[in-house]
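Q: Numbering (our numbering), first residue to last: 1249 to 1414. Don't be surprised by glycine CBs; every beta carbon is placed ideally from N, CA and C. These numbers come from a predicted model, not from an experiment.
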């Protein structure tokens, strides 16, 4: 897996997969999975229906938490888009490594799809829905729709966004 891309989910996919009891789907391709510190902060600083589940799963699976300058400077402030900014910082650092590492930014927010999110060469941004369809196509998941349905039935307001956008 030395050439495999690093999967870096934003907060939305973590939440949706936690609602669907499907966090293990992040590990299905066998790619390295990383949690960006600011995203972990956003997901666990307040008690939510998924905050403890996500924190425990990250610990149990020994998911690396990548430190960022964005998180260090935020120091407890609540400001919009810090998780995305920390992911962008992480991906830029990966692109500067020799040889450059590839990354997959997993997101759910429709605003990210339409906004300019600078991705270095070799990096992709993919919606949660597209990720689930990829897993299904590769035979690692029986039904992407079933995961979406499970998340919605558990109370998740799942994005209706389809990506790439038409």
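1) Going by DSSP, what residue range makes up the beta strand (DSSP E) through residue 1257?
2) What span of residues does the beta strand (DSSP E) with residue 1372 cover, start to end?
3) I want to know whether the segment 1278-1291 touches the segment 1374-1384 - three or more CB-CB distances under 8 Å.
4) I'd like to know whether the C-beta atoms of residue 1260 and residue 1376 end up nearer to each other than 8 Å.
5) Just reading off the beta strand (DSSP E) that residue 1351 is part of, what are its end residues?
6) If you draw a straight line from the C-alpha of residue 1194 to the C-alpha of residue 1345, how long is it?
7) Is residue 1314 helix, strand or coil when you go by DSSP?
8) Looking at residue 1340 and residue 1368, is the spacing between their C-beta atoms short of 8 Å?
9) Among 1387, 1334, 1370, 1293, which one has its Cα closest to the Cα of residue 1257?
10) Return helix, strand or coil for residue 1381, following the three-state DSSP convention.
11) Less than 6 Å between C-beta atoms, sequence neighbours within five positions excluded: which residues of the same chain meet that for residue 1388?
12) With a CB to CB cut of under 6 Å and the five nearest residues on each side skipped, what residues in its chain are close to residue 1392?
13) Buried or exposed: residue 1300, going by 16 or more other Cβ atoms within 10 Å of its Cβ?
14) Using DSSP bridges, identify the partner residues of residue 1281.
15) Say whether chain C places a C-beta atom closer than 8 Å to the C-beta of residue 1369.
A: Considering the structure as presented:
1) Residue 1257 sits at position 9 when you count from the first residue of the chain shown. For residue 1257, the enclosing beta strand (DSSP E) begins and ends at 1254-1257.
2) Position 124 of the chain shown, counted from the start, is the residue given in the question as residue 1372. Run containing residue 1372: 1372-1375, per the beta strand (DSSP E) assignment.
3) With the cut-off at 8 Å, the segment 1278-1291 and the segment 1374-1384 do not touch.
4) Your numbering for residue 1260 matches position 12 in the chain shown. Your numbering for residue 1376 matches position 128 in the chain shown. Cβ atoms of residue 1260 and residue 1376: closer than 8 Å.
5) As a first step, residue 1351 must be located in the chain shown, where it is residue number 103. Residues 1351-1355.
6) A question about residue 1194 goes unanswered here, because the residues of the chain that appear run from 1249 up to 1414.
7) Along the chain shown, read from residue 1 onward, the residue named residue 1314 stands at position 66. DSSP, reduced to helix, strand and coil, places residue 1314 within a strand of the structure shown.
8) Within the chain shown, the letter at position 120 stands for residue 1368. Within the chain shown, the letter at position 92 stands for residue 1340. One thing to note: residue 1368 has its Cβ within 8 Å of the Cβ of residue 1340.
9) On the chain shown, position 9 is the one that residue 1257 refers to. Checking every option, the nearest Cα to that of residue 1257 belongs to 1334.
10) Locating residue 1381 in the chain shown gives position 133, counting from the first residue. Per DSSP, reduced to three states, the secondary structure at residue 1381 is helical.
11) The residue given as residue 1388 occupies position 140 in the chain shown. These residues qualify, in order along the chain: 1276.
12) Position 144 of the chain shown, counting from 1, holds the residue named residue 1392. Result list for residue 1392: 1380, 1381, 1384, in chain order.
13) The residue you call residue 1300 lines up with position 52 of the chain shown. By the 10 Å Cβ count, residue 1300 comes out exposed.
14) Locating residue 1281 in the chain shown gives position 33, where the first residue counts as 1. Residue 1281 pairs with 1255.
15) Reference to chain C is not applicable here, since this structure consists of a single protein chain.
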